[in-house]
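> Residue numbers (this note's numbering): 122 to 876.
Virtual Cβ for every residue (Gly too), placed ideally from N, Cα, C.
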DNA sequence: TTACTAAGACTTTTT
DNA sequence: GTCTTAGTAA
């Protein structure tokens, strides 16, 4: 297995030091190195499968790793510690729930659940929700946890921050009372468990001889500390990552961990994988040149022996709609050449851009798939069923209680719930236990609801997991509710799918190293840590599975379709042909990113990621005007395009020379902040100075010029600020005094020239 | 209690 | 343009 590697890959795989940092460029065989190293370590007898821990960020990556490993070696991967940070921490906490101070069946809150819990807290604790919006509080708490901070130890410098810390404290108390943990808490609890409990820590430090980390540039401070603690002084730490592909700083990832690890382990063992097996030369040259503009890189240059290939094709269109139309034509051409649709990806910076593109593809009847969006376990009907199931598992789960107490409606209104909240708080119990204290009709309805959940609980003791799920769907009234709803058919289908998911889950023999489904005997063999474990109930295991693996993020597979996704979602993927759309100042780099520290560099890395997705052909497009937030905005091409060498590029529309005079803006009468490049930092309404030096366009006997006044039957009077195209295809951008900015086809719109 | 309307937001996102 | 949320009327 080693013989198929290039020299650098081989060095990495067989590295014998205590520490190695593999700087793996895009398309350089990162996963191959990681999995081959695992296989090599096991095969050469340096470690048993149980002495190995491999951690990734996504379930997808973990599955891929496991699949490749078992493909190379005939080993039983069950019980091996290969998983996501959250999955492994969950496993750790399940095994040692008592030492971690958690109830045995603790449940996991996803981000949505967490936000709901915080909103509820803000209400019950009478916190000013204008000063402390739930979203801000959530961000504060998660950021604190990701730095490993608890309320007691946090620095406070003003009253506002003090209050935030107090809310963090209250939130922790609420979670503890309800027996739930959020995502960040999984990591922090696991870290605290290891750092405080020497017995547990030493056990795992002894056990894991080799720790392997994927996408190391995406680790946050806490994850890094967790790794260091687990590695102790004896284990080998093998980290693979690419600082140039760090695009998640906004959610706490700290690229600095790469440099820090090198410093902390003082081994200086960096291995660079720079040979790229994915893209042609022009694509790589463009990517290399672009990323050169970033400072503080560890340094790396991709190369290939595949030749230059096609140049990058860049096009500038007048509007986002024309951009999409061009996209459709180009895609048609590619397909005519014999390309398959799924080899073509259309990437964009923000989700809002997909609408126009989808519309154009739809009109042209080109099948497409949009990635991103709601995942299976995040759908509201699924979350409703899960909330009932969580209540069955733990009546004290107030978040779930509030979610379904009146869904489907059963005459329990806001007033009744307010009474219940007050009563429960006074008694000091959870909502379900406080229903007796609510008088009147509301109280009766509440009592009936709690009885309903209790009845589900007794059924749970006698039937299998899928049977229970089916039962809950029926007696909760959810089934009936969606049967009556006009658009309920798909939701009903999803409910059936949930029963299937439960069936599949209960057939699995183990979950996170623990017995799952029908708790099988004997328990998972050969995992030495089984001695710490008590079997989790199948229901609790299923619920935790649902929180941790929200399901596929992709549209239904099957049909051969164009792939539409954000650049973030494209990381790790590759396509024969890639279109990067909307490459304009203000959008990409996004204007909001410029204010953030290191924001521009992260945007540039994002562009780097986008470029390196392409194997054969790369198209970049931009539009001079685009509908965004219901307004037309004008912008100039992204500075990133000026950072790519002309030698790699073929401009499909002429490259406009300089932008120094151009401005891009939303509304007149303001002055615009400038970035260090002397460019406007934000987009806006005042039309920018026309760029096309066109002397005018002749259509239907009329001569249109930039700056000319025109009158439209519907929009009124306005001024032409830009012209494009020729003859009947000519388009004009016009700012109407009352109707705002419009792009009109001169051959169609009836315009009257005025003074 | 529900259903409708108005107002405001709105970069990227896995677990 | 589209979604979520808060407020109000039926």
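Going along the chain, which residues of its own chain have a beta-carbon closer than 7 Å to the beta-carbon of residue 623, five neighbours each way excluded?
As a position in the first chain, residue 623 is number 502, starting the count at 1. Correct list, in chain order: 586, 587, 590 and 663.
> Can you check whether the CB of residue 502 is closer than 8 Å to the CB of residue 398?
As a first step, residue 398 is located in the first chain; it is residue number 277 there, counting from the start. As a first step, residue 502 is located in the first chain; it is residue number 381 there, counting from the start. No.
> Let me confirm a value: residue 584 is counted as buried when at least 16 other C-beta atoms fall within 10 Å, else exposed. Which label applies?
Counted from its first residue, the first chain places residue 584 at position 463. Exposed, because fewer than 16 other Cβ atoms sit within 10 Å of the Cβ of residue 584.
> Taking the CB atoms as reference points, tell me whether residue 310 and residue 221 lie closer together than 8 Å.
Walking along the first chain from the start, residue 310 turns up at place 189. Walking along the first chain from the start, residue 221 turns up at place 100. In this structure, residue 221 lies closer than 8 Å to residue 310 by Cβ.
> I need the straight-line Cα distance from residue 617 to residue 599, nearest angstrom please.
Residue numbering aside, residue 617 sits at position 496 when the first chain is read from its first letter. Residue numbering aside, residue 599 sits at position 478 when the first chain is read from its first letter. Going by the C-alpha atoms only, they are around 12 Å apart.
> Of the choices 364, 264, 686 and 279, whose alpha-carbon is the least far from that of residue 371?
Residue mapping note: residue 371 aligns to position 250 of the first chain, counting from 1. Comparing Cα positions, the closest option is 264.
> Can you tell me the Cβ-Cβ gap for residue 773 and residue 456, rounded? I've got them flagged as a contact below 8 Å.
As a position in the first chain, residue 773 is number 652, starting the count at 1. As a position in the first chain, residue 456 is number 335, starting the count at 1. The Cβ separation is near 19 Å, so there is no contact.
> Evaluate contact between the stretch 150-160 and the stretch 179-189, counting only Cβ atoms and requiring at least three cross-stretch pairs below 8 Å.
As far as the Cβ criterion goes, the stretch 150-160 touches the stretch 179-189, which means the pair count is three or higher.
> Are residue 164 and residue 194 close, meaning C-beta to C-beta below 8 Å?
Here residue 164 refers to the residue found at position 43 of the first chain. Here residue 194 refers to the residue found at position 73 of the first chain. Yes, the pair counts as a contact, with Cβ atoms nearer than the cut-off.
> What's the call for residue 722, buried or exposed, on a 16-neighbour Cβ count within 10 Å?
Here the question's residue 722 lines up with position 601 in the first chain. By the neighbour-count rule (16 or more Cβ atoms within 10 Å), residue 722 is buried.
> Provide the residue(s) that pair with residue 130 in DSSP beta bridges, ordered along the chain.
The sequence position of residue 130 within the first chain is 9, counting from 1. Paired residue(s): none; residue 130 is not in a bridge.
> If you follow the alpha helix (DSSP H) that residue 554 is in, where does it begin and where does it stop?
Position 433 of the first chain, counted from the start, is the residue given in the question as residue 554. Element bounds for residue 554: 552-555.
> Does the Cβ of residue 698 have 16 or more other Cβ atoms within 10 Å, making it buried, or fewer, making it exposed?
Locating residue 698 in the first chain gives position 577, counting from the first residue. Its Cβ being crowded by 16 or more others within 10 Å, residue 698 is buried.
> State buried or exposed for residue 459, treating a residue as buried only when at least 16 other CB atoms are found within 10 Å of its CB.
One-based indexing of the first chain puts residue 459 at position 338. Burial call: exposed.
> As a quick exercise: from 305, 356, 340 and 333, pick the residue whose alpha carbon is nearest that of residue 324.
In the first chain, the residue the question calls residue 324 occupies position 203. Ranking 305, 356, 340 and 333 by Cα distance to residue 324 puts 356 first.
> Would DSSP call residue 711 helix, strand or coil?
As a first step, residue 711 is located in the first chain; it is residue number 590 there, counting from the start. Correct three-state label for residue 711: strand.
> In chain order, what are the residue ranges of uninterrupted alpha helix (DSSP H) at least 4 long that sit wholly in the stretch 303-340?
Counting whole runs of 4 or more residues, the stretch 303-340 contains the alpha helix (DSSP H) stretches 304-317 and 319-328.
> By Cβ distance, which residues of its chain are closer than 8 Å to residue 236, with the 5 residues on each side in sequence left out?
Translated into positions along the first chain, residue 236 becomes position 115. Within the same chain, residue 236 has close Cβ partners 255, 256 and 259.
> Give the DSSP-derived three-state secondary structure of residue 772 in the structure shown.
Numbered from its first residue, the first chain carries residue 772 at position 651. In the structure shown, residue 772 sits in a strand (DSSP, three-state: E or B).
> I'd like to know whether the C-beta atoms of residue 445 and residue 481 end up nearer to each other than 8 Å.
As a working mapping, residue 445 is identified with position 324 in the first chain. As a working mapping, residue 481 is identified with position 360 in the first chain. Yes, the pair counts as a contact, with Cβ atoms nearer than the cut-off.
> Can you tell me which of 367, 837, 326 and 359 puts its alpha carbon nearest to the alpha carbon of residue 338?
As a working note, residue 338 is residue 217 in the first chain. The shortest Cα separation from residue 338 among 367, 837, 326 and 359 belongs to 367.
> Suppose the cutoff is 7 Å on Cβ atoms and the five residues either side in sequence are ignored; what does the same chain contact list for residue 496 look like?
Position 375 of the first chain holds residue 496. 671, 672, 673 and 674, listed in sequence order.
> Could you please give the first and the last residue of the uninterrupted beta strand (DSSP E) stretch that includes residue 295?
Here residue 295 is taken as the residue at index 174 of the first chain, counted from 1. Segment 280-299 is the alpha helix (DSSP H) holding residue 295; no beta strand (DSSP E) there.
> For residue 839, which three-state DSSP category applies?
In the first chain, the residue the question calls residue 839 occupies position 718. Three-state DSSP puts residue 839 in a strand.
> Return the bridge partner residues of residue 687 from the DSSP annotation.
Walking along the first chain from the start, residue 687 turns up at place 566. Paired residues: 469.
> Spell out the partners DSSP gives residue 748 in its beta bridges.
Along the first chain, one-based indexing puts residue 748 at 627. Per DSSP, 753.
> Taking only the alpha-carbon atoms, compute the straight-line gap between residue 734 and residue 693 and give it to the nearest angstrom.
Here residue 734 refers to the residue found at position 613 of the first chain. Here residue 693 refers to the residue found at position 572 of the first chain. For residue 734 and residue 693, the distance between alpha carbons rounds to 8 Å.
> Suppose you measure from the CA of residue 301 to the CA of residue 521; what does that come to, to the nearest Å?
Position 180 of the first chain, counting from 1, holds the residue named residue 301. Position 400 of the first chain, counting from 1, holds the residue named residue 521. The alpha-carbon atoms of residue 301 and residue 521 are separated by roughly 11 Å.
> I believe residue 413 touches residue 142 by the beta-carbon criterion, under 8 Å. Please report the beta-carbon distance rounded to the nearest angstrom.
Reading the first chain from its first residue, position 292 is the one you call residue 413. Reading the first chain from its first residue, position 21 is the one you call residue 142. Residue 413 to residue 142, Cβ: 21 Å. No contact.
> Alpha carbon to alpha carbon, how far is residue 429 from residue 406?
The residue given as residue 429 occupies position 308 in the first chain. The residue given as residue 406 occupies position 285 in the first chain. Their backbone Cα atoms lie some 9 Å apart in a straight line.
> Out of curiosity, what's the CA-to-CA distance linking residue 408 and residue 729?
Numbered from its first residue, the first chain carries residue 408 at position 287. Numbered from its first residue, the first chain carries residue 729 at position 608. One C-alpha to the other measures close to 5 Å.
> Measure the alpha-carbon distance for residue 608 versus residue 290 and round it to whole angstroms.
As a first step, residue 608 is located in the first chain; it is residue number 487 there, counting from the start. As a first step, residue 290 is located in the first chain; it is residue number 169 there, counting from the start. Roughly 42 Å separates the two Cα atoms.
> Taking only the alpha-carbon atoms, compute the straight-line gap between residue 830 and residue 820 and give it to the nearest angstrom.
Taking the first residue of the first chain as 1, we reach residue 830 at position 709. Taking the first residue of the first chain as 1, we reach residue 820 at position 699. If I take the Cα positions, the gap works out to 16 Å.
> Grouping DSSP H, G and I as helix and E and B as strand, with all else coil, what is residue 177?
Your numbering for residue 177 matches position 56 in the first chain. DSSP places residue 177 in strand when its eight states are reduced to three.
> Please report the straight-line C-alpha distance between residue 711 and residue 266, rounded to a whole angstrom.
For the purposes of this step, residue 711 is identified with residue 590 of the first chain, where counting begins at 1. For the purposes of this step, residue 266 is identified with residue 145 of the first chain, where counting begins at 1. Cα to Cα, residue 711 sits roughly 28 Å from residue 266.
> Give the range of the alpha helix (DSSP H) segment to which residue 155 is assigned.
Along the first chain, one-based indexing puts residue 155 at 34. Note, residue 155: alpha helix (DSSP H), 151-164.
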